[in-house]
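Novice: Handing you this structure, nothing more for now.
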Amino acid sequence: MAKQTGIIKLKGTIGGISFYKTSDGHLAREKGGVDKSRIQNDPAFQRTRENGSEFGRAGKGGKVLRNAIRVLLQNAKDKRVVSRLTKSLVAITKTDTTNERGLRTLQDGNLSLLEGFEFNLNGKLGATLFAAFTKTFDRVSGDATLDLAAFSPTVRIAAPAGTTHFKVVMGASELDFVNETSTFENDETAILPYTAANTAAIALSATITANSTLPVVQVLGVEFYQEVNGEMYALKNGAYNALSVVTIDTP
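Per this note's numbering: the sequence shown = residues 2 to 252.
Structure below.
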């Protein structure tokens with residue numbers, strides 16, 4: 002892989018060299034690779050086919066999760082969240098000890114490995130929120146709750162420069178990786194002033210399907226705002242908003 006440095010940036014293929022644009026800039030690489038039909042049929046590529054099958058399954062699982070929490074994710078994500086999430090889900094697929102290689106699934110893997118996943122590396126929850134919180138999920142009732150005792154925002158939240166206000170958000174979703182569907186409910190605080198004075202105690206809740214037989218994920222986030230002439234604006238278009246997986250519950 003080479004980087005284009007000239008004034009004129011190329012796109013497309015010239016003389017066996019492919020020119021393309023990525024988030025890392027304009028790049029170039031030699032076109033090539035093994036013929037597709039050989040990969041699909043040659044016994045020598047059996048491992049490749051198995052890996053490809055599981056990678057595809059992880060990719061679809063990542064899409065299920067992202068779609069489920071889209072309401073919150075659209076406000077707190079980095080440019081590589083799709084690839085980072087897929088990588089984590091591939092690792093989870095590999096922990097499946099029930100199915101044969103190539104047939105391993107997310108639902109039979111150790112989904113608890115996803116706990117702590119940060120959707121925005123530019124604003125990690127673990128480096129943003131320092132107020133203690135308690136979280137519960139009752140699978141029988143489908144109730145997910147999250148509570149924070151009163152705290153001083155300027156002491157317990159590391160906010161980016163320019164912050165005047167913030168809010169805390171929470172969501173819960175059950176994920177059906179087989180049918181590629183999900184349910185989702187969320188709750189949030191009002192937009193609160195970023196000051197030294199203590200907040201009131203915060204209690205957030207969301208209710209999904211009672212007695213669900215599917216994996217459930219709970220996410221927690223913090224969003225930042227700047228007040229200008231009485232109007233609230235997402236600070237730097239949400240570039241430093243935090244969102245992280247705080248609970249994984251499996252049946």
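For every residue, glycine included, the Cβ atom is placed at its ideal position computed from N, Cα and C.
Quick check: the Cα distance between residue 66 and residue 236, rounded to an integer number of angstroms?
Specialist: One-based indexing of the sequence shown puts residue 66 at position 65. One-based indexing of the sequence shown puts residue 236 at position 235. Rounded to whole angstroms, residue 66 to residue 236 spans 25 Å at the Cα level.
Novice: Can we say the segment 193-201 touches the segment 215-223, given the rule of at least three CB pairs closer than 8 Å?
Specialist: no
Novice: Shortest alpha-carbon distance to residue 208 belongs to which of 247, 63, 180 and 175?
Specialist: By 1-based counting over the sequence shown, the position of residue 208 is 207. Nearest option by C-alpha distance: 175.
Novice: Looking at C-alpha atoms only, which residue of 201, 121, 59 and 170 is the closest neighbour of residue 97?
Specialist: Counting from one through the sequence shown, the residue named residue 97 turns up at place 96. With distances taken between Cα atoms, residue 97 lies closest to 59.
Novice: Are residue 164 and residue 227 touching if we call contact CB-CB under 8 Å?
Specialist: Within the sequence shown, the letter at position 163 stands for residue 164. Within the sequence shown, the letter at position 226 stands for residue 227. Their beta carbons are under 8 Å apart, which means residue 164 touches residue 227 by this criterion.
Novice: Just checking my contact of residue 68 with residue 183 at CB under 8 Å: how many whole Å lie between their CB atoms?
Specialist: In the sequence shown, residue 68 corresponds to position 67, counting from 1. In the sequence shown, residue 183 corresponds to position 182, counting from 1. Contact flag correct, Cβ pair sits at about 7 Å.
Novice: Please classify residue 84: is it buried, with 16 or more other beta-carbons within 10 angstroms of its beta-carbon, or exposed?
Specialist: If you number the sequence shown from 1, residue 84 lands on position 83. Exposed is the call here.
Novice: Which residue comes first and which comes last in the beta strand (DSSP E) that contains residue 88?
Specialist: The residue given as residue 88 occupies position 87 in the sequence shown. Residue 88 -> not in any beta strand (DSSP E); alpha helix (DSSP H) instead, spanning 82-94.
Novice: Assign residue 187 to one of three DSSP states: helix, strand, or coil.
Specialist: The count along the sequence shown starts at 1 and reaches residue 187 at position 186. Here residue 187 sits in strand by DSSP.
Novice: Based on the DSSP output, what are the partners of residue 161 in its beta bridges?
Specialist: Residue numbering aside, residue 161 sits at position 160 when the sequence shown is read from its first letter. Per DSSP, none; premise fails for residue 161.
Novice: Count the other CB atoms within 10 Å of the CB of residue 218; is the residue buried (16 or more) or exposed (fewer)?
Specialist: As a first step, residue 218 must be located in the sequence shown, where it is residue number 217. It is buried - the Cβ of residue 218 has at least 16 other Cβ atoms within 10 Å.
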